[in-house]
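J.:
Number of protein chains: 2
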Amino acid sequence: MSLQHAILVALTDGEKSGYDIAKQFDDSTGFFWRARHSQIYRELGKLKERGWASSQEIEQSGKPNRIVFSITAEGRKGLVEWSQKPSQVQELKDDFLVQLYALEHVDIEALRANILARRERHRDHLKQYQAKYDALEGSTNLTDIGRQLALEVALIYEREWAEWSERALARLSPEMLGPEALKLEQQAGATNVVPIARGEAD
Amino acid sequence: MSLQHAILVALTDGEKSGYDIAKQFDDSTGFFWRARHSQIYRELGKLKERGWASSQEIEQSGKPNRIVFSITAEGRKGLVEWSQKPSQVQELKDDFLVQLYALEHVDIEALRANILARRERHRDHLKQYQAKYDALEGSTNLTDIGRQLALEVALIYEREWAEWSERALARLSPEMLGPEALKLEQQAGATNVVPIARGEAD
DNA sequence: GACTCATATGACATTAATGACATATATATG
DNA sequence: CATATATATGTCATTAATGTCATATGAGTC
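These protein sequence lines map, in sequence, to chains A and B.
Heads up, the first sequence is in the working numbering, so the first residue is 3 and it goes up one at a time.
Heads up, the second sequence is in the working numbering, so the first residue is 3 and it goes up one at a time.
This is the structure in C-alpha cells:
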C-alpha cells in the first residue's frame, strides 16, 4: 500500500515519469522506500485510476513517449490522511540475525565473511547519508527538519551496524573463539557445523 | 525462502508442531523472524517434501492430532549451506521515514502522536531484549555468543530508536517549530497540511 | 448456560514484490 | 563496425506473506 504514497512523495517536488522515479529509487535517492520499475508502472496506473495523479504524454522520437505524472489535490489529501494513521513499526526481520542466533549450527567462517561485506556496505551507505545530511546543515525550514530527522535515523542505523560489525568480527575471530569454543563444543555434544553428516554422502 | 530456515532453526532445540512454532514466533521469542500460522504450516509441508524435516503424528482426544516435526540430517546440512551464501543486507524501508522526509506535506501532530507510540513500543521491546540478554551474561559457549551478538543488534536498534524518538518529539514540538515554521511556510508557498483543498469538499 | 480462550490444523483469496521477457532507438566505447 | 549503455514503457509468471474462513473441543469465566 505504501509504495503508492512513496511515489506521491516523489511527485511532490515536480512531475516525473515512471522511469524518473525508478532511477531516483535506484540511485539511492530512494532512501526509505524502493521498488522495481515494473511495480512502479503498475502503481502509477493505480494512482491515476484513483485520481491521485494525473498524467501527460510527451512526444519523443525514437524512444517511447514519456508519460509524466503529477500529484493532484486528491493525492495531496491522500498523503495527509496517510500520515494520520499510525504506520507499522518496522520489526527486526533478518536472515543474518537468525543465523547468528543459531551460531552452533552454521558455518562461522562464512558468517565472518558476510559480516565483513556488510561492514563495507554500511560504511558506504553511511558516507552517502552523511553527504546528504551535511548538505542540510543549519537549515531550519520544515522540509529540511524532516529530512534531517529521517537522515539521522539512517545515519544511526548505518553507523551502529558498521560498529557492531567491527565488534562481531573480533568476537568471532578464531583466536577469540578457538580454544574456548572447541572445549565447549565437545562438552556440549559437538553440534557445530557438519558433525551430523556421518555418511559424507552427496 | 528464509522462513524455511527460521523454522529449521526453531527445530534445532527439539521437535515442535506448527502450533508451537507459531506461538514461539508470536510470543516474541521469534525475535528475528516471524510468520502467521497459515504460512508456517505451508512451509512445514515443503520442508517435509524436501526431506529437511520429518514429522510424526501424536494422537490426541478432542483437539486435532499434534503433528510434530524434527529436523533431519539433510535439514542441518541445509542450514550450513544457507549460512554459506551471503544474506541480503536489510535496507531501511519504512513508511514513517518517508512521511518524515515529506514533512511539508503531512500532518505533523499526527506524526508526533505516532512517534510517541513508537517510543513506547521500542522501550517495551528494549526491556524484553535486555532481559534475554542479561540471562546470557558471562556465558562463553558458542550458541550463547551468537545469541549475545544477535541480541546486541536488537538492543541497539530499540535503544537508538527510542532515543531518537525523544529527540524528534522535541524538535517537532509546536514550541520548537511554531514561529519559525510558520514564517517559512508562507515564504515557501504554504504547502503544509491541507492548504490545497479549497472546496472543503468530501 | 453463554462466551471466550487455548489448543490444533489447514484451505483459500488476496496483496506486495521480484524477476524475466519484450520492444525500440540514439549515443558512446572499444 | 560491434557492443554496451541509457532512455522509455510495459506484460506476465512466480514467490512470499498476510488475512480470512473453517473445523473441533475442553476448560475457565461471567
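Glycine included, each C-beta is placed from N, C-alpha and C at the ideal position.
Just the Cα atoms here: how many angstroms apart are His67 (chain B) and His124 (chain B)?
T.: In the sequence on display, residue 67 (chain B) carries Asn and not His. Rounded to whole angstroms, Asn67 (chain B) to His124 (chain B) spans 38 Å at the Cα level.
J.: I'd like the list of long-range same chain contacts for His39 (chain B), defined as Cβ closer than 6 Å, with 5 residues on each side in sequence excluded.
T.: Ala24, listed in sequence order.
J.: On the CB-based measure, 16 or more other CB atoms within 10 Å of its CB, does Thr31 (chain B) come out buried or exposed?
T.: Exposed, because fewer than 16 other Cβ atoms sit within 10 Å of the Cβ of Thr31 (chain B).
J.: With a 10 Å radius around its C-beta and 16 neighbouring C-beta atoms as the bar for buried, classify Gln58 (chain B) as buried or exposed.
T.: Exposed, since its Cβ has fewer than 16 Cβ neighbours within 10 Å.
J.: Does Lys18 (chain B) come out as helix, strand or coil in the three-state DSSP assignment?
T.: Correct three-state label for Lys18 (chain B): strand.
J.: Are the C-beta atoms of Ala24 (chain A) and some chain B residue less than 8 Å apart?
T.: Not an interface residue.
J.: At a CB-CB cut-off below 9 Å, which residues of chain B make contact with Trp54 (chain A)?
T.: Within chain B, no residue comes near Trp54 (chain A); the closest Cβ sits about 12 Å away, beyond 9 Å.
J.: Going by beta-carbon coordinates alone, are Val155 (chain A) and Leu151 (chain B) separated by less than 8 Å?
T.: No, these two residues do not count as a Cβ contact at 8 Å.
J.: Keeping to the same chain, check which residues put their C-beta closer than 8 Å to that of Arg120 (chain A); ignore five residues upstream and five downstream.
T.: These residues qualify, in order along the chain: Phe98, Trp163, Ser167.
J.: Is it the case that the Cβ atoms of Leu144 (chain B) and Leu157 (chain A) are separated by a distance below 8 Å?
T.: Taking 8 Å as the Cβ cut-off, Leu144 (chain B) and Leu157 (chain A) do not qualify as a contacting pair.
J.: Closer than 8 Å by C-beta to Leu186 (chain A): which residues in its own chain qualify, once you throw out the five before and the five after it? Chain order, please.
T.: Because Leu186 (chain A) carries a pLDDT of 41, less than 50, the predicted location of this residue cannot be relied on, and no value is offered for it.
J.: Determine the closest residue to Arg114 (chain B) out of B:Asp126, B:His127, B:Arg173, B:Trp84, with distance taken between C-alpha atoms.
T.: For Arg114 (chain B), the nearest C-alpha among the options comes from B:Arg173.
J.: Using the beta-carbon of each residue, which ones in chain B are nearer than 7 Å to Tyr135 (chain A)?
T.: None at all; the shortest Cβ gap to chain B is about 12 Å.
J.: Taking the continuous beta strand (DSSP E) assigned at Gln58 (chain A), which residues delimit it?
T.: Counting along the chain, the beta strand (DSSP E) containing Gln58 (chain A) begins and ends at 55-60.
J.: Which same chain residues, not among the five before or five after Asp146 (chain A), have their C-beta less than 6 Å away from its C-beta?
T.: Closer than 6 Å at Cβ, skipping near neighbours: Leu138.
J.: With respect to 7 Å, is the separation between the Cβ of Ser19 (chain B) and the closest non-hydrogen atom of the ligand SAM below this value?
T.: With respect to the ligand SAM, the structure offers nothing, as it holds no ligand at all.
J.: Among B:Ser89, B:Lys65, B:Tyr21, B:Phe27, which residue has its Cα nearest to the Cα of Met3 (chain B)?
T.: Checked all of B:Ser89, B:Lys65, B:Tyr21, B:Phe27; the closest Cα to Met3 (chain B) is B:Ser89.
J.: To the nearest angstrom, report how far apart Gly53 (chain A) and Glu61 (chain B) are at their CA atoms.
T.: Looking at the two C-alpha atoms, the distance is approximately 57 Å.
J.: Is there a Cβ of chain B sitting closer than 8 Å to that of Ala172 (chain A), yes or no?
T.: No, its Cβ sits nowhere closer than 8 Å to a Cβ of chain B.
J.: According to DSSP, which residues form a beta bridge with Arg68 (chain B)?
T.: In the DSSP output, where bridge partners are listed per residue, Arg68 (chain B) has B:Ile60.
J.: So what does Ile73 (chain B) bridge to, in DSSP terms?
T.: According to DSSP, Ile73 (chain B) bridges with B:Ala55.
J.: Can you pull out the residues from the segment 108-140 of chain A whose beta carbon lies closer than 7 Å to at least one beta carbon of chain B?
T.: The segment 108-140 of chain A vs chain B, Cβ under 7 Å: Val108, Asp109, Ala112, Leu113, Asn116, Ala119, Arg120, Arg123.
J.: Below 8 Å on the Cβ atoms is my contact criterion, and I expect Leu46 (chain B) with Ala55 (chain B) to pass it. Report the Cβ-Cβ distance as a whole number of Å.
T.: Between Ala55 (chain B) and Leu46 (chain B) the Cβ distance is about 7 Å, and since that is below 8 Å, they are a contact.
J.: Any C-beta of chain B sitting closer than 8 Å to the C-beta of Arg38 (chain A)?
T.: Cβ-Cβ to chain B under 8 Å: no for Arg38 (chain A).
J.: So with CB distances below 7 Å, who are the chain A contacts of Ser85 (chain B)?
T.: Simply Gln101, Val108, Asp109, Ala112, Leu113.
J.: Indicate the three-state DSSP secondary structure (helix, strand or coil) for Trp35 (chain A) in the structure shown.
T.: Of the three classes helix, strand and coil, the one that applies to Trp35 (chain A) here is coil, per DSSP.
J.: Is the CB of Leu186 (chain B) under 8 Å away from at least one CB in chain A?
T.: Low confidence applies to Leu186 (chain B): its pLDDT is 42, below 50, so where it sits in the model is not reliable enough to give any reading.
J.: Can you tell me the Cα-Cα spacing of Asp109 (chain B) and Lys18 (chain A), whole angstroms?
T.: Going by the C-alpha atoms only, they are around 24 Å apart.
J.: Is the distance from the Cβ of Leu94 (chain A) to the Cβ of Tyr159 (chain B) below 8 Å?
T.: In this structure, Tyr159 (chain B) lies closer than 8 Å to Leu94 (chain A) by Cβ.
J.: At a CB-CB cut-off below 9 Å, which residues of chain A make contact with Arg44 (chain B)?
T.: Those within 9 Å of Arg44 (chain B) in chain A number zero; the least Cβ separation is about 18 Å.
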